[in-house]
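In our numbering, the protein residues as written are 100 to 508.
All residues carry an ideal CB built from backbone N, CA and C; glycine is no exception.
Bear in mind that the values here come from a model prediction, so they are computed numbers and not experimental data.
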């Protein structure tokens with residue numbers, strides 16, 4: 100572990116809390132290590148994916164199942180496309196926006212829950228036609244899957260959870276570019292974290308006002324879809340058939356959902372984006388294109404932030420940075436400069452800057468600084484195969500000696 104600089108994890112269900120506890124221990128025992136978002140999830144969706152509350156996990160699972168079913172069924176995809184056109188044609192630009200938002204791996208994107216809400220009504224209409232039409236050529240197995248999915252979607256608990264997640268996750272969505280290694284944004288990560296926390300705190304302080312809007316939105320959507328607005332069954336009885344004293348529906352979801360999600364996001368942003376992560380990502384500013392475009396200069400207080408254990412020759416670090424700064428601040432505008440960590444490491448004379456080289460190599464190991472395909476080959480393909488295995492093979496049939504290990508070396 101003394102050689103480790105970054106790690107990430109992805110979990111669901113009962114494993115969320117266990118992995119969270121393990122990651123907390125690792126961050127405490129090895130302060131040089133940073134915790135990063137897991138590909139292919141956007142940062143805000145990854146946070147929720149790892150939230151140790153089962154109803155939240157069920158909603159995320161359902162969204163991912165919806166995306167998978169749409170991709171697998173060409174008939175459903177075509178019907179959904181037509182229904183989106185019919186539903187949004189009266190609003191200029193909305194048809195193109197909604198169709199574009201549900202392309203590729205939209206279930207992992209920053210606005211995944213917004214997209215799910217946008218397509219919910221057209222999707223339910225499409226499923227209804229496929230399952231009831233006498234002319235439908237859909238096979239029995241697919242119909243069974245669609246009917247089970249429809250039951251999950253036509254549920255008020257699912258709808259209000261989507262609405263709350265859409266409105267709370269937008270507070271931390273501004274952090275996504277910083278954690279994807281976008282140089283110009285990562286250098287100001289500390290300010291972005293501060294802004295995200297301020298936004299979350301404001302929502303916490305005015306939760307009654309915000310939640311009332313979210314609840315009203317969810318109720319309106321549910322009524323439009325013909326979904327009963329009621330408490331989850333397990334909250335109405337004590338498990339033995341006896342009824343519980345019922346709180347207001349709005350109050351229940353404010354305490355059980357909105358407050359918990361907001362507090363979780365505040366805690367996780369502080370935990371994941373600690374001092375070490377901010378320091379490390381700030382050093383992405385050493386990439387030549389950024390230095391040339393922003394007249395970037397090295398300050399001594401920044402040098403003090405560097406982890407000297409990562410450097411080849413710590414004693415000459417500041418002098419070397421001065422030479423590096425001069426080299427790129429005055430680079431010809433006609434010259435094509437490296438725009439990423441990995442491109443910078445390929446510069447022919449990088450060996451003359453051993454400390455910069457060491458620092459950039461460390462940056463390249465952080466999971467959120469995504470490797471280029473020409474450096475590490477078919478990373479996306481391997482990750483896709485792993486995810487397919489985990490989704491398609493039942494737990495009891497999985498090989499106990501099989502694991503997915505990715506080293507960004």
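Under the 10 Å beta carbon count, residue 310 is surrounded by 16 or more other beta carbons and is classified as buried. Contact annotation: residue 261 and residue 326 have beta-carbon atoms that are not nearer than 8 Å.
By the criterion of at least three beta-carbon pairs nearer than 8 Å, the region 305-324 is in contact with the region 349-363.
In this chain, the alpha helix (DSSP H) harbouring residue 148 covers 142-148. Judged by DSSP in its simplified three-state form, residue 129 adopts coil rather than helix or strand. A Cβ-Cβ separation of about 40 Å leaves residue 410 out of contact with residue 361 under the 8 Å criterion. Residue state for residue 356 is assigned as helix, using DSSP reduced to three classes.
A distance of 8 Å or more separates the beta carbons of residue 200 and residue 194.
Minimum Cα-Cα distance from residue 221 among the listed residues 456, 242, 376, 182 corresponds to 182. In summary, residue 441 is buried, with 16 or more beta-carbon neighbours lying within 10 Å of its beta-carbon over all protein chains present. Between residue 168 and residue 244, the gap from beta carbon to beta carbon is short of 8 Å. Inside the region 414-445, DSSP marks whole alpha helix (DSSP H) runs of 4 or more residues at positions 416-428, 440-443, from first to last along the chain.
Closest in C-alpha terms to residue 108, from the list 131, 139, 130, comes 139. Sequence-distant partners of residue 427 (beyond 5 residues in either direction) whose C-beta falls short of 6 Å from its own C-beta, in its chain, are 387, 390, 391.
Contact annotation, residue 207 with residue 307: C-beta distance approximately 32 Å; criterion of less than 8 Å not satisfied. Judged by DSSP secondary structure, residue 164 falls within the alpha helix (DSSP H) whose first and last residues are 153-171.
Approximately 20 Å separates the beta-carbon atoms of residue 144 and residue 248; this is outside 8 Å, ruling out the contact. When secondary structure is reduced to three states using DSSP, residue 373 falls in the coil class, being assigned neither helix nor strand. Residue 103 has its alpha-carbon roughly 23 Å from the corresponding atom of residue 452.
Boundaries cannot be given for residue 271, as no alpha helix (DSSP H) includes it and DSSP labels it neither H nor E.
Taken in chain order, the complete beta strand (DSSP E) segments of 3 or more residues contained in the region 188-265 number zero; there are none. Residue 133 has its alpha-carbon roughly 7 Å from the corresponding atom of residue 371.
Straight through space, the alpha carbons of residue 147 and residue 111 are spaced by roughly 10 Å.
Residue nearest to residue 379 within the set 125, 131, 113, 174 is 131 (criterion: CA-CA distance).
Residue state for residue 324 is assigned as helix, using DSSP reduced to three classes. Collapsing the DSSP output to three states places residue 134 in a strand.
Residue 459 and residue 377 have their alpha carbons spaced roughly 15 Å apart.
Residue burial annotation: residue 185 is exposed, with fewer than 16 other C-beta atoms found within 10 angstroms of its C-beta.
Minimum Cα-Cα distance from residue 100 among the listed residues 115, 122, 118 corresponds to 122. Of all alpha-carbon atoms in 254, 129, 149, the one lying nearest the alpha-carbon of residue 366 is that of 149.
A residue is called buried once 16 or more other Cβ atoms fall within 10 Å of its Cβ, and residue 419 is buried on that count. Our two residues, residue 448 and residue 417, have alpha carbons roughly 18 Å apart in a direct line.
For the pair residue 209 and residue 275, the CB atoms are nearer than the 8 Å cut-off.
In terms of CA proximity to residue 385, 438 leads the group 349, 438, 358. At the C-beta level, residue 191 and residue 229 stay beyond 8 Å of one another.
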